[in-house]
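I have placed the structure first, in the form of structure tokens, so that the comments after it can refer back to it.
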Amino acid sequence: MLIGVCGGICAGKSSIASYLIERHEFKRIRLARNASTPAVEKSASNAHVPSEPESANDALLFPDINSLLDFVTRRWRERWVTTDIWDNDVVDALLKRPFFLLISVDAPVSVRWERFKDRCARNGLTPPSLEDFVLRNDSHQYTPGTGMSALIQRAQLKLLNSPTSIPALHTALDLLDLTNDGRLRPSWDQYFMRLADLAAHRSNCMKRRVGCVIVRAKRVISTGYNGTPRGMTNCNEGGCPRCNSASRAGADLSTCLCLHAEENALLEAGRDRIGEGSILYCNTCPCLTCSVKITQVGISEVVYNQGYLVDTKTAEIFAESGVRLRQFVPPSEGLVDLSVGTPVENGSRAFTTLGDIREILDDANFVRPV
Numbered sequence: 001m002l003i004g005v006c007g008g009i010c011a012g013k014s015s016i017a018s019y020l021i022e023r024h025e026f027k028r029i030r031l032a033r034n035a036s037t038p039a040v041e042k043s044a045s046n047a048h049v050p051s052e053p054e055s056a057n058d059a060l061l062f063p064d065i066n067s068l069l070d071f072v073t074r075r076w077r078e079r080w081v082t083t084d085i086w087d088n089d090v091v092d093a094l095l096k097r098p099f100f101l102l103i104s105v106d107a108p109v110s111v112r113w114e115r116f117k118d119r120c121a122r123n124g125l126t127p128p129s130l131e132d133f134v135l136r137n138d139s140h141q142y143t144p145g146t147g148m149s150a151l152i153q154r155a156q157l158k159l160l161n162s163p164t165s166i167p168a169l170h171t172a173l174d175l176l177d178l179t180n181d182g183r184l185r186p187s188w189d190q191y192f193m194r195l196a197d198l199a200a201h202r203s204n205c206m207k208r209r210v211g212c213v214i215v216r217a218k219r220v221i222s223t224g225y226n227g228t229p230r231g232m233t234n235c236n237e238g239g240c241p242r243c244n245s246a247s248r249a250g251a252d253l254s255t256c257l258c259l260h261a262e263e264n265a266l267l268e269a270g271r272d273r274i275g276e277g278s279i280l281y282c283n284t285c286p287c288l289t290c291s292v293k294i295t296q297v298g299i300s301e302v303v304y305n306q307g308y309l310v311d312t313k314t315a316e317i318f319a320e321s322g323v324r325l326r327q328f329v330p331p332s333e334g335l336v337d338l339s340v341g342t343p344v345e346n347g348s349r350a351f352t353t354l355g356d357i358r359e360i361l362d363d364a365n366f367v368r369p370v
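For the sequence shown, position 319 matches number 319 in the UniProt record's numbering, and the numbering has no gaps at all.
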């Protein structure tokens, strides 16, 4: 496994790399920079501000991306991490490998400036003003063709590094499970749930997008999504009066003309094709009506992602009829705020926003050396 961490100056790349090294036995590897040092990494006098010193035993330095890839490809079962993601050519080469995961990290520019000022102080250099730092940062991030923002957008996982202490950061990363193998190659559950999510995008129901996939022996038998029956006006074109009104969830269901995703998938497959051992994947837990039909056709297991209003009743029907029901939640993808949902001292979870940045900067536990 090779994890690459990209992001702006002092966003937290080294902190995440250190976490992987300390907690998960990754080894640091480096790629030589083939371009001049960006202005954002320089002091007020334009002197380069080095990052934390690295021991010779802590990292392997490679002159180009091909030599780095050759090295890691022969050792892909080991764990490697690099923060030297310089440009699109590097990312293009790395993303061809099935063992590579690209993670981006960001933090508020005022927080990164405070971190950079501390880095300058450790090296006896005068930091740029906040205004200069912002201008340099904009150039580093958004210059057409070379800006880091384009690389950040290509990351499979995007982290907002807003925790105010190293322990809090590590706790958030523990919950995120960065080393989950499913991030590199989807498990069967992930694979079929993604197909269900894809089917949901074909939904024309005005109330909720639901997608379903029926599988037997790891082969897709049928798919379905919710919407009005064949030959009728689509729900999103006014075909179902109930869905196009302001009816609350669970109300007036007897007037709804939309077929559910599970119903469409079951009708498409038919009982003979389903057979024993079939699994139904749905991005939403089946409703009471669908659970009865699922039981009737002989589905052996139902896997869902999101809950629904009648999960308890559905579970009771499946339990009585011998259909296994389980929830599958895939690893987080996209943008993840590391401060949201992390445990606090009393064991509960804190769901907070960033708030006044001055309070964070004045906090005694604020993480400055990144």
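All C-beta atoms, glycine included, are put in the ideal place defined by N, C-alpha and C.
Burial state of residue i, where buried means 16 or more other Cβ atoms lie within 10 Å
i	result
Q296	exposed
D70	exposed
R209	buried
E345	With a pLDDT of 38 at E345, under the threshold of 50, the modelled position of that residue is not reliable, and the figure given next carries that caveat. Exposed: under 16 other Cβ atoms inside 10 Å.
G8	buried
S55	Below a pLDDT of 50, predicted positions are generally treated as unreliable, and S55, at 47, falls in that range; no measurement from the model is reported.
D89	exposed
N161	buried
I29	buried
N123	exposed
Y304	buried
W113	buried
T233	exposed
L130	exposed
D177	exposed
Residue i versus the options, residue with shortest Cα-Cα distance
i	options	result
L2	C10, S45 and T83	T83
S291	K313, S278, I274 and S187	K313
I16	L259, G211 and A172	A172
R33	W80, E333 and W86	W86
I65	L195, S36 and R97	R97
L101	A121, G322 and R79	R79
R128	G238, A150 and F116	One point to set straight first is that residue 128 is Pro, not Arg, in the sequence displayed. When only C-alpha atoms are compared, the closest one is F116.
I166	E22, M148 and L325	E22
L184	P108, L61, I103 and K27	I103
R326	P229, I317, E301 and I294	E301
E237	I279, H140 and N204	N204
R324	Y281, L338, S51 and E114	Y281
F328	D138, A107 and N283	N283
L61	C258, Q190 and V81	V81
T179	K13, S14, S339 and L20	L20
G12	V109, M232 and N264	V109
V134	L31, E41, S245 and F26	E41
R154	D174, D92 and S36	D92
L198	A319, Y142 and V213	V213
residue 373	A265, T146, F318 and C240	Residue 373 lies beyond the stretch modelled for the chain, which goes from 1 to 370, so this question has no answer here.
R75	N264, R230, S332 and F26	F26
A217	D189, A107, D181 and P229	D189
Beta-carbon gap between residue i and residue j smaller than 8 angstroms
i	j	result
A44	T126	yes
C10	I152	no
V336	L157	yes
S260	C235	Looking at the sequence itself, residue 260 is His, so the reference to Ser does not match. Not in contact: H260 and C235 (Cβ atoms no closer than 8 angstroms).
I274	G307	no
M193	P63	no
P38	H140	yes
S149	V215	no
Whole runs of the beta strand (DSSP E) within the region 58-128, excluding any shorter than 3 residues: DSSP runs (the beta strand (DSSP E)) wholly in the region 58-128: 59-62, 80-82 and 100-106.
Sequence ranges, beta strand (DSSP E) only - wholly within the region 135-162, length at least 3: With a minimum length of 3 residues, the continuous beta strand (DSSP E) runs that stay inside the region 135-162 are 157-160.
At least three beta-carbon pairs within less than 8 angstroms, the region 264-274 to the region 213-232: Counting Cβ pairs under 8 angstroms, three or more are found: they touch.
Any alpha helix (DSSP H) of 4 or more consecutive residues that is wholly inside the region 222-304: Unbroken alpha helix (DSSP H) stretches of 4 residues or longer found wholly inside the region 222-304: 261-269, 271-274 and 288-297, given in chain order.
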